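Engineer:
In our numbering, the protein residues as written are 404 to 750.
1) Using CA coordinates, which residue listed in 543, 563, 574, 589 is at the minimum distance from residue 556?
2) Counting beta carbon pairs with one atom in the segment 578-597 and one in the segment 510-530, are three or more of them shorter than 8 Å?
3) Have a look at residue 466 and residue 459 and give me their C-alpha separation to the nearest angstrom.
4) Might you give, ordered along the chain, the residues of its own chain that have their beta carbon closer than 7 Å to the beta carbon of residue 497, omitting 5 neighbours on each side?
5) Checking 8 Å against the spacing of the C-beta atoms, do residue 717 and residue 696 come in under that value?
6) So, is residue 653 buried or exposed, given that buried needs 16 or more other C-beta atoms within 10 angstroms?
7) Can you tell me whether DSSP reads residue 677 as helix, strand or coil?
8) Name the DSSP bridge partner or partners of residue 777?
9) Counting only runs of 4+ residues fully inside the segment 429-485, write out the alpha helix (DSSP H) ranges in chain order.
10) Ordered along the chain, which non-local residues of its own chain (more than five positions away) have a Cβ less than 7 Å from that of residue 518?
11) Quick check on residue 641: buried or exposed, where buried means 16 or more other Cβ atoms within 10 Å of its Cβ?
12) Please identify the residue among 483, 495, 643 whose C-alpha is closest to the C-alpha of residue 455.
13) Might you give, ordered along the chain, the residues of its own chain that have their beta carbon closer than 7 Å to the beta carbon of residue 370, omitting 5 neighbours on each side?
14) Which residue wins for smallest C-alpha separation from residue 721, given the options 728, 492, 711?
15) Should residue 434 be labelled buried (16 or more other beta-carbon atoms within 10 Å of its own) or exposed?
16) Bridge partners for residue 615 per DSSP, in chain order?
Dropping the structure here:
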């Protein structure tokens, strides 16, 4: 029993002496930087002071071959782990405190939009000339920004916001400010179409004003800047002289004509109009115009183009619409007392 106790005491004393030897090194190794945060897909270095030998540890385990004064940490392999280094100097060995090697993690970049715009049938963005539309690359991607259109970088487009003025397929790449070299593309193309709407052009046919093209809708005539109630057709017969303008829509976009200065040169005779008949209306082929006095007859389409003319002045005239496409037309009836314009429909 006495021998066993003495042996235990000897072993204890030996361990204590060994621990005391390590603790009595005249140096204390440290690892710098102590707060390394790696950007994605990057590497950086942690260091210790100069000693005779080194062994690095990761998560408490020896890193094979890591026996330099420094250790190159990789974002993919090492981020999220604790590192320390064991060093030896003059036969004395000491271990540093552990430091964390961390890594930045970011959500994928994305773009938001704003302003006034329309959405086309295929999900594309449709802009009218008067629209104001922009893209914004959202945070934290505020550095190394480059916008592109149709695969080509846009010179000077290096801010988070891009105002759109032309059609194209847009995309952007950028990086977080803390990792300016980690440039990431949005990964999608943002298609924008800036439309050029047709502008109504006013022309005069006698005492009638018409606009072209006839495909415009939501038409509104104005006299001296004031909307004329009920004046919503392609043609309009003014009752007064002045500056006439038209607003209309071409698809999604509103558009407006330039002013047209109109001077009234004839006066419609109420008695002539009272005796005027147009039948049948609508018509599929023949249409007859009759009045109590002689007149000259012309037929114009919605664009203001002359499509038919009666052969001579008469109190009754029959014309054939057979060769015309269905739609709205205007009879221009000129008589001694003035001019009348009447709509007719070809079925």
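Just so it is clear, CB atoms sit at the ideal spot from N, CA and C, and this is done for glycine as well.
Remember, it's a predicted structure, so these values are computed and weren't measured experimentally.
Structural biologist: Well, looking at it:
1) As a position in the chain shown, residue 556 is number 153, starting the count at 1. Checked all of 543, 563, 574, 589; the closest Cα to residue 556 is 574.
2) yes
3) Here residue 466 corresponds to residue number 63 of the chain shown, with the count starting at 1. Here residue 459 corresponds to residue number 56 of the chain shown, with the count starting at 1. Each residue's alpha carbon lies about 6 Å from the other.
4) Here residue 497 corresponds to residue number 94 of the chain shown, with the count starting at 1. So the list reads 425, 428, 430, 431, 432, 490, once near-sequence residues are dropped.
5) Against the chain shown, residue 717 aligns to sequence position 314. Against the chain shown, residue 696 aligns to sequence position 293. Not a contact, by the Cβ cut-off of 8 Å.
6) The residue you call residue 653 lines up with position 250 of the chain shown. Buried, since its Cβ has 16 or more Cβ neighbours within 10 Å.
7) As a working note, residue 677 is residue 274 in the chain shown. Helix, per DSSP.
8) Any question about residue 777 goes unanswered here, given that the chain covers just 404 to 750.
9) 478-481
10) Along the chain shown, read from residue 1 onward, the residue named residue 518 stands at position 115. Excluding residues within five positions, the ones whose Cβ falls inside 7 Å are 534, 535, 536, 537.
11) Mapped onto the chain shown, residue 641 falls at position 238. Under this definition residue 641 is a buried residue.
12) Taking the first residue of the chain shown as position 1, residue 455 is located at position 52. Among 483, 495, 643, the Cα nearest to that of residue 455 belongs to 495.
13) Since the first residue of the chain shown is 404 and the last is 750, residue 370 is not available in this structure.
14) Here the question's residue 721 lines up with position 318 in the chain shown. Per the Cα distances, 711.
15) On the chain shown, position 31 is the one that residue 434 refers to. Buried, since its Cβ has 16 or more Cβ neighbours within 10 Å.
16) Here residue 615 corresponds to residue number 212 of the chain shown, with the count starting at 1. According to DSSP, which records beta bridges pairwise, residue 615 is partnered with 604.
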